[in-house]
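2 protein chains.
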Amino acid sequence: MKATAKAHTNIALIKYWGKRDEALILPTNSSLSLTLDGFFTTTTVDFQANLTRDQFMLDDEPVEGESYQRVSNFLDIIRTMAGKENLYATVHSKNDVPTAAGFASSASGFAALAAAGTKAIGMQLDNQELSRLTRQGSGSASRSIYGGFAEWEMGGKTDGSDSFAVPVAPAQHWDIRVAAVVLSSTVKKVSSRAGMKRTVETSPFYSGWIDSIPKDLREIKDAIKTKDFEKTGSIAEANCLKMHATTLAANPPFTYWHDTTMRVMQTVQEMREKGIPAYFTIDAGPNVKVLYLPEDEGKVKETLRTIPGVTDVILSKPGQGISYL
Amino acid sequence: MKATAKAHTNIALIKYWGKRDEALILPTNSSLSLTLDGFFTTTTVDFQANLTRDQFMLDDEPVEGESYQRVSNFLDIIRTMAGKENLYATVHSKNDVPTAAGFASSASGFAALAAAGTKAIGMQLDNQELSRLTRQGSGSASRSIYGGFAEWEMGGKTDGSDSFAVPVAPAQHWDIRVAAVVLSSTVKKVSSRAGMKRTVETSPFYSGWIDSIPKDLREIKDAIKTKDFEKTGSIAEANCLKMHATTLAANPPFTYWHDTTMRVMQTVQEMREKGIPAYFTIDAGPNVKVLYLPEDEGKVKETLRTIPGVTDVILSKPGQGISYL
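Line order of the protein sequences matches chains A and B.
Read left to right, the first sequence gives residues 1 to 325 (full-length UniProt numbering).
Read left to right, the second sequence gives residues 1 to 325 (full-length UniProt numbering).
This is the structure:
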């Protein structure tokens, strides 16, 4: 009862920012992402009759505490689905997501865990079922089931049965690139989870954010379909600014941006003024991801590398969805 | 028919951000400011029967173009009020508002012009009438009629008759200080006027901004009354962040912040973590103003001066309202 799966992380172009149900991880808005080739997690799940509790090894180190509990709680959902409540597993995960790049490894992590876990326990889920399950481990992970562009449809039901990701366009549809800009200081005072919660509960801008999402989603899907890079990039950039603006109006206000974050944003806008189409997006942290076209890779990398406070620039292409090894 | 008046600029603690009537300069929200001792304009208006048009000298240099037109249009309002439509004036203004400090000289400028102009033409207006008139030259100038803390009540009438500033507390009520932090780069791509307009017309956060103002105003007036510096500062800082957040959601999005702006904000928050009560506020530009208490002046000035990208720190106390020389 053993299986291994690999999943890539993804970068949201239309951000997931707020839960309507904390336990089921049901979002207040739909979101859209690009799965990335360069960053992935490989996970082996082995259910064994003789175990009395789960074991979780991350990069060959045993993990306990909160991270262990999230994994074990997620396996509980799988066990319940399979009707095998007393069957525990060893989980071996390997992260090829450099921490400094500022990607949440939970996206690739829970997608790989869901795929390996369900296969190991003997279930055969289609992608939609797998995405719905994955969502309950990590919201953004629900999109990593698919390669290329995927949309997590928020759904409307209270049991979460209609909240899962669907494919928008595969990786091979459009080769756009993402540069992960690594900053020398990446201190984050408010976790994504806490920041999201505080914003939903206190920001007077939150309803404006929610109201603006359907148009952003509709327009970016059109732009992706027609491979309109300028449109895709500007919608993504504006959506990111809007998301971060909601935190500035929270009570107490907060921001994930550092001065270097601002400098990278300025540099990207200057690149555009010089005729290089490049757009930024930022998750709940100080790091910046830059979208660009393959033909501009040299110039974009060089420009980003020379910004004071930037220590590394890691490039990636669109990646594939879940695979079994 | 000659008079000289002096008016100080002011810094808004609850921001004026949006007009409901562009011609009459009627705001979409009430605002509150502190008049500052260190920055002022002195203006002499001399109505002379032999002139065929107005003349405007700023710091001994003749001014034409848009700035001239704003002054002459404002004198038209005074002439109409006085029933002396064909009487032109020479206007001599001297600005003691360092441009680099990033204060709008229009606040002190139009307050001094209104006071000198009405006195020179023979009218005697009370402060409320003077503020209502001043508002039509520059919205924020309506608050500079008063010393100390003043509130510009937005009013509700379409003719603007109930839109003017009122005193909240005089300068001698509370000696809190303001440091104007001068940045090496102060390029501003979007004017305040254009930025305000774009935000009102396109930002999905604008109604959230408007809805949040009455509570901010009520609470900051309480805090000023009881001299609660922590409360006054945090409300002002949060209000500034909210105002700037509205621009990030405009279409197209924009910001007045530079990387150094962000660094100064971070430094102020770090000062607080070290036990120095200091709070920032930022108008429609990259410069930062820092509120602090007199006993912390040395530490605050030194800390701000050593931030990379900061070229000067100019200190000010609460200032007086209009005076006639």
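Even glycine gets a Cβ: it sits at the ideal position worked out from N, Cα and C.
All of these numbers come straight from a predicted model, not from anything done at the bench.
Do residue j and residue i count as a contact pair if the criterion is CB distance below 7 Å?
i, j, result
"T246(A)", "Y206(A)", "yes"
"S106(B)", "S138(B)", "yes"
"G309(A)", "T260(A)", "yes"
"T281(B)", "A236(B)", "yes"
"P318(B)", "L34(B)", "yes"
"I145(A)", "G321(A)", "yes"
"L248(B)", "I14(B)", "no"
"A3(B)", "A141(B)", "no"
"T118(A)", "L125(A)", "yes"
"T232(A)", "I220(A)", "yes"
"Y128(A)", "F103(A)", "One detail in the question is off: residue 128(A) reads as Gln in this sequence, not Tyr. Taking 7 Å as the Cβ cut-off, Q128(A) and F103(A) do not qualify as a contacting pair."
"G156(B)", "P170(B)", "no"
"K84(B)", "D59(B)", "no"
"I25(B)", "I78(B)", "no"
"residue 328(A)", "T43(A)", "This structure does not reach residue 328(A), given that chain A is present from 1 up to 325, and the question cannot be answered."
"M262(A)", "M271(B)", "no"
"S31(B)", "A12(B)", "yes"
Assuming residue i is part of the alpha helix (DSSP H), what are its boundary residues?
i, result
"W152(B)", "Premise fails: W152(B) lies in the beta strand (DSSP E), F149 to E153, not in any alpha helix (DSSP H)."
"Q55(A)", "Looking at the DSSP string, Q55(A) is not in any alpha helix (DSSP H); the run it does join, the beta strand (DSSP E), is Q55 to L58."
"R263(A)", "D259 to E273"
"G248(B)", "A quick correction: the sequence has Leu, not Gly, at residue 248(B). That run of the alpha helix (DSSP H) goes F229 to L248."
"K299(B)", "E297 to R305"
"V71(A)", "G65 to A82"
"G321(B)", "G321(B) -> no alpha helix (DSSP H), and no H or E assigned at all."
"A116(A)", "S105 to A120"
"I210(B)", "Y206 to K225"
Any idea if residue i is buried or exposed, counting beta-carbon neighbours within 10 angstroms, 16 or more meaning buried?
i, result
"N239(A)", "buried"
"R132(A)", "buried"
"Q48(A)", "exposed"
"V45(A)", "buried"
"E151(B)", "buried"
"T80(B)", "exposed"
"Q172(A)", "exposed"
"K242(B)", "buried"
"R193(B)", "exposed"
"S187(A)", "Per the sequence presented here, residue 187(A) reads as Val, with Ser not at that position. Exposed, since its Cβ has fewer than 16 Cβ neighbours within 10 Å."
"K6(A)", "buried"
"D175(A)", "exposed"
"S234(A)", "buried"
"T306(B)", "exposed"
"D283(B)", "buried"
"P204(B)", "buried"
"N50(B)", "exposed"
"T158(A)", "exposed"
For residue i, report the span of its beta strand (DSSP E) as first-last.
i, result
"S316(A)", "V310 to S316"
"H92(B)", "Y88 to D96"
"P167(B)", "F164 to A169"
"N127(A)", "From DSSP, N127(A) is part of no beta strand (DSSP E) but of the alpha helix (DSSP H) over N127 to R135."
"A179(B)", "R177 to L183"
"R20(B)", "K19 to D21"
"V187(B)", "Looking at the DSSP string, V187(B) is not in any beta strand (DSSP E), and its letter there is neither H nor E."
"K6(A)", "K2 to I14"
"Q48(B)", "S31 to Q48"
"L24(B)", "Run containing L24(B): none; DSSP gives neither H nor E here."
"Y292(A)", "V288 to Y292"
"Y279(A)", "A278 to T281"
At least three beta-carbon pairs within less than 8 Å, the stretch 28-40 of chain B to the stretch 67-79 of chain B: By the Cβ criterion, the stretch 28-40 of chain B is not in contact with the stretch 67-79 of chain B, since fewer than three pairs of Cβ atoms, one from each stretch, lie closer than 8 Å.
Near-chain A residues of the stretch 263-284 of chain B - C-beta to any C-beta below 7 Å: R263 and Q266: these are the residues of the stretch 263-284 of chain B whose beta carbon lies less than 7 Å from some beta carbon of chain A, given in chain order.
Residues of the stretch 215-246 of chain A whose Cβ lies closer than 8 Å to any Cβ of chain B, in chain order: Listed in sequence order: S234, E237, A238, L241, K242, H244, A245 and T246.
Three-pair Cβ contact test at 8 Å for the stretch 169-187 of chain B versus the stretch 280-300 of chain B: Three or more Cβ pairs drawn from the stretch 169-187 of chain B and the stretch 280-300 of chain B lie within less than 8 Å of each other, which places the two stretches in contact.
The stretch 84-100 of chain A: positions lying closer than 9 Å to chain B by Cβ: Those residues of the stretch 84-100 of chain A that come within reach of chain B (Cβ to Cβ, closer than 9 Å) do not exist; the list is empty.
Contact residues within the stretch 17-34 of chain B, judged by C-beta distance below 9 Å to chain A: Taking 9 Å as the upper bound on Cβ-Cβ separation, chain A lies near no residue of the stretch 17-34 of chain B.
Segment contact flag, the stretch 44-58 of chain B with the stretch 90-97 of chain B, C-beta cutoff 8 Å, min 3 pairs: Contact holds: three or more Cβ-Cβ distances are below 8 Å.
Near-chain B residues of the stretch 129-156 of chain A - C-beta to any C-beta below 8 Å: If the cut-off is 8 Å between Cβ atoms, the stretch 129-156 of chain A has nothing near chain B.
Residues within the stretch 44-65 of chain B neighbouring chain A, beta-carbon criterion of under 8 Å: So nothing in the stretch comes that close.
Three CB pairs or more closer than 8 Å across the stretch 58-66 of chain A and the stretch 6-23 of chain A: The stretch 58-66 of chain A makes no contact with the stretch 6-23 of chain A; the number of CB pairs closer than 8 Å stays below 3.
Within 8 Å of chain A by C-beta, residues of the stretch 298-321 of chain B in sequence order: Residues of the stretch 298-321 of chain B with a C-beta less than 8 Å from any C-beta of chain A: none at all.
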